[in-house]
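Enquirer: Can you keep this structure in mind? I'll have questions shortly.
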Amino acid sequence: MTPSEKTATMAHATRVPWLTLRRKEAFEAWLFVSPTLIGFIIFFLGPLIAVGLYSLTEWNLLSQESTFVGVENFRDALTVNPDFWLVVRNSALFALGLVPMNMALALTLALALSRPFFGVVFFRTIFFAPVITSAVAWAIVWKFLLQGEAGAVNQLLASIGIDGPNWLREPDWAMFAVIVTRVIKMVGLNMILYIAALQAIPRDYEQAAQLEGASRWQIFHMVIWPLLAPTTLIIMVITTIGSFKVFDHIYLMTGGGPENGTLVLAYYIYQQGFEFFNVGYASALAIIMFVIVLALTIVQLILRQKGSG
Amino acid sequence: MSLSQKQLQLIKRILWTVSLLIVAVPFVFPFLWMVSSGFKNAAEIFGQPSLFPAVWRWQNFLDVFDHQPFAQQYFNSLYISAAVTVITLVISSLAGYALARLRFAGSALLMLFLISALMVPEEVTIIPNFFLIRWMGLMDTHMPLILLPVFGAHGVMATFLMRQYFVALPKELEEAGKMDGLSRVGIWWKIAIPMSRPALAAVAIITFLHSWNLFLEPLVFLSSLEKFTLPLALSNFTDAYGLPLWHLQLAATTLAVIPILGVYLIAQRQIIESFAMSGVKG
Amino acid sequence: MTSLALSNLAKSFGPVKVIRDIDLTIEDGEFVVFVGPSGCGKSTLLRMIAGLEDITSGDLMIGERRMNEVSASKRGVAMVFQSYALYPHLTVRRNMGFGLKVRKMPATDIKQRVDDASATLKLDALMDRYPRELSGGQRQRVAIGRAIVGNPDVFLFDEPLSNLDAELRVHMRAEISALHGRLGNTMIYVTHDQIEAMTLADRIVVLRDGRIEQVGTPRELYARPANVFVAQFIGSPKMNVCAAGSLATQLEGVDFDLKAATQIGIRPEHLKIVPPDDGLLQGRVIVSEYTGAGSLLHIEVEGAGTFLVVQEGQAGAEKGERIGLSFSSENMHLFDGSDFAI
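Right, dumping it as structure tokens:
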């Protein structure tokens, strides 16, 4: 036996403890994540499974009875209930109106405010202020401003000879109004994300392009915009998902009206669940919303993979 | 007459600033209108609009407190937001630390799990959570308003923000702490936490505002006036016929918004950076 | 009495073996340097001893105790990190006393120990500063001070000088050497710089791909490298190695015994420039680099490739010049087909 073999056997004889450093680390890790994990299971994962199960039942809270009906609720939504497709149309309109308007404005503001100049902080502060303001306060004030005759917006328009509509009482105008006011509320967030991305672009690129005689538009179009692509993608997905989540804004400004003209998915779920107590049907709607959001997230991940690959 | 390069620059600059000012109108106007209308009486509110009230009616701000237990509601919002913020800071930095630094079987799976929660709107799980909270006997209490944000998508976002920050910290400092005899909790508390102030501040700011502005959960879980939080209270200024009492509602809204706005104006850089750091919201 | 014994020590990350079958004994008070190219596993091995990386298999004994599953702070070791790892939110004084405070030592004792260490390292004027207010060399000293106060059995240094500029590095090297002389503790030092290894070590451990290539005193490694890798890693500029066959004809007739060697190595400093016809080898200068004290010549030797030669003095062969090279047989290293020394 060589000396080293001897120490080895001796050492093995001096027992290897069960709680190795490796196991201790894993144990501590689970301890650290346990509050988050347990809460996550109880208040997120469990409910997510539950809502899937509810969606397969006919369950009205008033009758206190639930019966298994399979995919009946989904069939009901997709083929029977005319409200559903109206809601889908409204949600799509809301997203299609909000996302491009929000992003275009955000990028424009970011381009204007990404370089220091006198007053830049002032403008950034102003454009971001609505983001930190409660959606309820924002909706209340705008509802007030957008009243038919007496509203400040229409009075303002009247002063320049325009006869403004009764914004929140006419279906098409109501959708337009909730989109625009939502954009004003949230555009600051995308603006600062774009500003951060713009500031991360090394100025060398721009200067190199300048030396090659590129115009400002060419620089933006051929240098800045491609470099912003990853940010644009993320902002687009976040904003789209965000547009599906909008509840308080619409609840307070229009209550889904007029004539269900602004009834969007998030509000429809609330209405079915907590106003009409159709638990099963509302849960099916929630699952549909979940699938939409999941699909958007996956699309984003795939696009991002492609972009980096 | 030709302009010099410098004059041209100046004119451009002025045009830019003027156009930015015009764009800024719908961002600022609602705040100004909110404050001024909060001072008007019911009649003037529907009269010819003017930025300044004919008579400054301070009485509105006192009437707010008669109409609802507004002070109590204000306090509710404050303490709930503070509780949510403190709890979120503790548990998200613990979990974020473990996900950033500790090796354990299942950490990748756990990450995937949590990521999947990040985007899911609370509307999806609000119905089962309603039954869960009712089963727990917590209806019309503030517990759901604390539990749901802490453990929902928002808490997950905070955990990720913390994790990202911890991952970027130099590892050697924590190893030095280990050599110095710190326990795992000691390393977290005495080294990782003190070095993560920017991330903690960001989580605190975003979490506080998230909780402060929460609406769906209070709407679903609260029924007594004295339990209401501010957003719910604000939406509740109607007369006996359900018509809005605009002057009171706007006075109350002013009271709710101005302090936050004041803090924002003082700490705007920090607050804006916090949102830039999170990158996920809205 | 603190010796270390590493037996069959191994570590893998999944299927990748980063440390394989390390057997090594380190005596009490010895200054041992782990040296090797980057990625050879030297830092990992040090961190396994420190307790910062876990050990996949084998045994680590410090003193009489098996340390595999003992936590880092209870192994009686202290470490100086490459980045110094000073806590940015604590002053120098509190950085140095931190470990003692964690171990619940009374404040007066902590003060005593910290003051002693600061006197030893001439840190007195810096005690109330924060790390960001210190220069690189000062941070380095504080890092060493922090290691000293704990009065460890074994000091571990992980490339401590790599972030310093050249001049300071030479200075700190001497300080560390003096510190070892004064404290007499066992020290293990990791570096990729073979000069540091040669100047500091009692014994050098040369590592490659997670394996020990050779262990020995600096002189042993220089004079009798165990294989081509060590031969070329130790010594600067590195040893010339060429196929034995290519020199066979030239060395024919001279009384050099090539044994069964397939490769021959000669250090650049052992080759002497002679007139073309007097040399054992003939070649042509292709590059001549003047270094001040002498010149470094790149010489194309017919049939055997490029040789590096250190030429002392100001003479300096010209580019293109034909020259002869001679050397004595005791400076010739012989290696077999598997790179091992004969």
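Protein chains in written order, with my numbering: chain Z, 165 to 473; chain G, 1496 to 1777; chain D, 9 to 350. Don't be surprised by glycine CBs; every beta carbon is placed ideally from N, CA and C. All figures in this text were calculated on a predicted structure; none of them were measured in a lab.
(1) Looking at the unbroken beta strand (DSSP E) that takes in residue 166 of chain D, where does it start and where does it end?
(2) Using DSSP's beta-bridge definition, name the partner residues of residue 298 of chain D.
(3) Below 8 Å, how does it come out for the segment 1640-1650 of chain G and the segment 202-212 of chain Z: are there three or more Cβ pairs, yes or no?
(4) Taking only the alpha-carbon atoms, compute the straight-line gap between residue 1515 of chain G and residue 387 of chain Z and give it to the nearest angstrom.
(5) Residues in the same chain with beta-carbon distance under 6 Å from residue 334 of chain D, minus the five sequence neighbours each way, listed in chain order, please.
(6) Quick one: is residue 375 of chain Z buried, meaning 16 or more other Cβ sit within 10 Å of its Cβ, or exposed?
(7) In angstroms, rounded to a whole number, what distance separates the CA positions of residue 255 of chain Z and residue 1616 of chain G?
(8) Who are the neighbours of residue 1747 of chain G on chain D, taking C-beta pairs under 7 Å?
(9) Residue 139 of chain D: which of D/193, D/145 and D/96 sits nearest, CA to CA?
(10) Just to confirm the assignment: which complete beta strand (DSSP E) runs, minimum length 3, are found wholly within the segment 84-144 of chain D?
(11) Can you name the start and end residues of the alpha helix (DSSP H) that residue 1630 of chain G belongs to?
(12) Going by beta carbon distance, what residues of the same chain come within less than 8 Å of residue 1500 of chain G, once the five residues before and after it are set aside?
(13) Does residue 1614 of chain G get closer than 9 Å to chain Z when you measure Cβ to Cβ?
(14) What residue does the alpha helix (DSSP H) around residue 254 of chain Z start on, and which one ends it?
(15) Taking just the CA atoms, how far does residue 1507 of chain G sit from residue 1498 of chain G?
(16) The beta strand (DSSP E) that contains residue 13 of chain D, what's its start and end?
(17) Just to confirm, is the Cβ distance from residue 431 of chain Z to residue 444 of chain Z under 9 Å?
(18) Excluding five sequence neighbours on each side, which residues of the same chain lie with their C-beta closer than 7 Å to the C-beta of residue 1834 of chain G?
(19) So, is residue 1777 of chain G buried or exposed, given that buried needs 16 or more other C-beta atoms within 10 angstroms?
(20) Taking one C-beta from the segment 93-109 of chain D and one from the segment 204-213 of chain D each time, how about it: are there three or more such pairs within less than 8 Å?
(21) Could you confirm whether any beta carbon from chain Z is found closer than 9 Å to the beta carbon of residue 1717 of chain G?
(22) Using 8 Å as the Cβ pair cut-off and three pairs as the minimum, do the segment 1656-1665 of chain G and the segment 1590-1601 of chain G touch?
(23) So residue 172 of chain D and residue 180 of chain D are in contact, right, with Cβ under 8 Å, and what is the actual spacing, rounded?
(24) Distance, Cα to Cα, residue 177 of chain D vs residue 170 of chain D?
(25) Which of the three DSSP states is assigned to residue 1775 of chain G in this structure?
(26) Just verifying my parser: in three-state terms, what is the DSSP assignment at residue 1485 of chain G?
(27) Tell me which residues share the same chain as residue 16 of chain D and place their Cβ nearer than 8 Å to its Cβ, disregarding the 5 neighbours each side in the sequence.
(28) Would you mind stating whether residue 108 of chain D and residue 122 of chain D have Cβ atoms separated by less than 9 Å?
(29) Starting from residue 2 of chain D, trace the beta strand (DSSP E) both ways and give me its first and last residue.
(30) Tell me which residues of the segment 184-215 of chain Z have at least one Cβ-Cβ distance to chain D shorter than 7 Å, keeping chain order.
(31) Once DSSP output is grouped into helix, strand and coil, what is the label at residue 1596 of chain G?
(32) Return the residues of the segment 15-28 of chain D that lie within a Cβ-Cβ distance of less than 8 Å from chain Z, sorted by chain order.
(33) Measure from the alpha carbon of residue 441 of chain Z to the alpha carbon of each residue in G/1633, G/1625, G/1656 and G/1651, then state which is nearest.
(34) Report, in whole angstroms, the separation of the C-beta atoms of residue 315 of chain D and residue 248 of chain D, which I expect to be a contact under 8 Å.
(35) What's the gap between the Cα of residue 339 of chain Z and the Cα of residue 1584 of chain G?
(36) Between which two residues does the alpha helix (DSSP H) holding residue 369 of chain Z run?
Expert: On the basis of the supplied data:
(1) Within the third sequence, the letter at position 158 stands for residue 166 of chain D. Start and end: 162-166.
(2) Taking the first residue of the third sequence as position 1, residue 298 of chain D is located at position 290. The partner list for residue 298 of chain D (beta bridge, DSSP) reads D/303.
(3) yes
(4) Translated into positions along the second sequence, residue 1515 of chain G becomes position 20. Translated into positions along the first sequence, residue 387 of chain Z becomes position 223. Taking the straight line from one Cα to the other gives about 25 Å.
(5) Here residue 334 of chain D refers to the residue found at position 326 when the third sequence is read from its first residue. So the qualifying residues of the chain are 280, 282, 287 and 288.
(6) Within the first sequence, the letter at position 211 stands for residue 375 of chain Z. Exposed, since its Cβ has fewer than 16 Cβ neighbours within 10 Å.
(7) Taking the first sequence and counting its residues from 1, the one referred to as residue 255 of chain Z is at position 91. Taking the second sequence and counting its residues from 1, the one referred to as residue 1616 of chain G is at position 121. The straight-line gap from Cα to Cα measures roughly 15 Å.
(8) For the purposes of this step, residue 1747 of chain G is taken as the residue at position 252 of the second sequence. Those within 7 Å of residue 1747 of chain G in chain D number zero; the least Cβ separation is about 43 Å.
(9) Numbered from 1 along the third sequence, position 131 holds the residue referred to as residue 139 of chain D. Closest option to residue 139 of chain D, Cα to Cα, is D/96.
(10) 85-88
(11) The sequence position of residue 1630 of chain G within the second sequence is 135, counting from 1. Per DSSP, residue 1630 of chain G belongs to the alpha helix (DSSP H) from 1617-1630.
(12) One-based indexing of the second sequence puts residue 1500 of chain G at position 5. Same-chain partners within the cutoff: there are none.
(13) The residue you call residue 1614 of chain G lines up with position 119 of the second sequence. At least one chain Z Cβ lies under 9 Å of residue 1614 of chain G.
(14) Walking along the first sequence from the start, residue 254 of chain Z turns up at place 90. Element bounds for residue 254 of chain Z: 246-277.
(15) The count along the second sequence starts at 1 and reaches residue 1498 of chain G at position 3. The count along the second sequence starts at 1 and reaches residue 1507 of chain G at position 12. So the alpha carbons of these two residues sit roughly 12 Å apart.
(16) Position 5 of the third sequence holds residue 13 of chain D. That run of the beta strand (DSSP E) goes 12-21.
(17) Residue mapping note: residue 431 of chain Z aligns to position 267 of the first sequence, counting from 1. Residue mapping note: residue 444 of chain Z aligns to position 280 of the first sequence, counting from 1. Cβ atoms of residue 431 of chain Z and residue 444 of chain Z: not closer than 9 Å.
(18) Not covered by the structure: residue 1834 of chain G. The range shown for chain G is 1496 to 1777.
(19) Taking the first residue of the second sequence as 1, we reach residue 1777 of chain G at position 282. Its pLDDT being 31, under 50, residue 1777 of chain G is placed unreliably in this model, and the value from its coordinates should be taken loosely. So residue 1777 of chain G counts as buried.
(20) no
(21) Along the second sequence, one-based indexing puts residue 1717 of chain G at 222. Not one chain Z Cβ lies under 9 Å of residue 1717 of chain G.
(22) yes
(23) In the third sequence, the residue the question calls residue 172 of chain D occupies position 164. In the third sequence, the residue the question calls residue 180 of chain D occupies position 172. About 6 Å; that satisfies the 8 Å criterion.
(24) In the third sequence, the residue the question calls residue 177 of chain D occupies position 169. In the third sequence, the residue the question calls residue 170 of chain D occupies position 162. Rounded to whole angstroms, residue 177 of chain D to residue 170 of chain D spans 8 Å at the Cα level.
(25) On the second sequence, position 280 is the one that residue 1775 of chain G refers to. Any reading at residue 1775 of chain G needs caution, since the residue's pLDDT is 46, under 50, leaving its predicted position unreliable; the model's value is listed next. Reduced to three states, the DSSP call for residue 1775 of chain G is coil.
(26) For residue 1485 of chain G there is no data in the structure shown, the boundaries of chain G being 1496 and 1777.
(27) What you label residue 16 of chain D is simply residue 8 of the third sequence in a count that begins at 1. Correct list, in chain order: 29, 30, 31, 65, 66 and 67.
(28) Position 100 of the third sequence holds residue 108 of chain D. Position 114 of the third sequence holds residue 122 of chain D. In contact: residue 108 of chain D and residue 122 of chain D (Cβ atoms closer than 9 Å).
(29) Nothing can be reported for residue 2 of chain D, as the shown portion of chain D is limited to 9 through 350.
(30) 184, 185 and 186
(31) On the second sequence, position 101 is the one that residue 1596 of chain G refers to. Residue state, collapsed to three classes: helix.
(32) 15 and 16
(33) Position 277 of the first sequence, counting from 1, holds the residue named residue 441 of chain Z. Ranking the options by Cα distance to residue 441 of chain Z, first place goes to G/1625.
(34) In the third sequence, residue 315 of chain D corresponds to position 307, counting from 1. In the third sequence, residue 248 of chain D corresponds to position 240, counting from 1. Residue 315 of chain D to residue 248 of chain D, Cβ: 5 Å. Contact.
(35) Residue numbering aside, residue 339 of chain Z sits at position 175 when the first sequence is read from its first letter. Residue numbering aside, residue 1584 of chain G sits at position 89 when the second sequence is read from its first letter. Computed Cα separation, rounded: 38 Å.
(36) Counted from its first residue, the first sequence places residue 369 of chain Z at position 205. That run of the alpha helix (DSSP H) goes 367-375.
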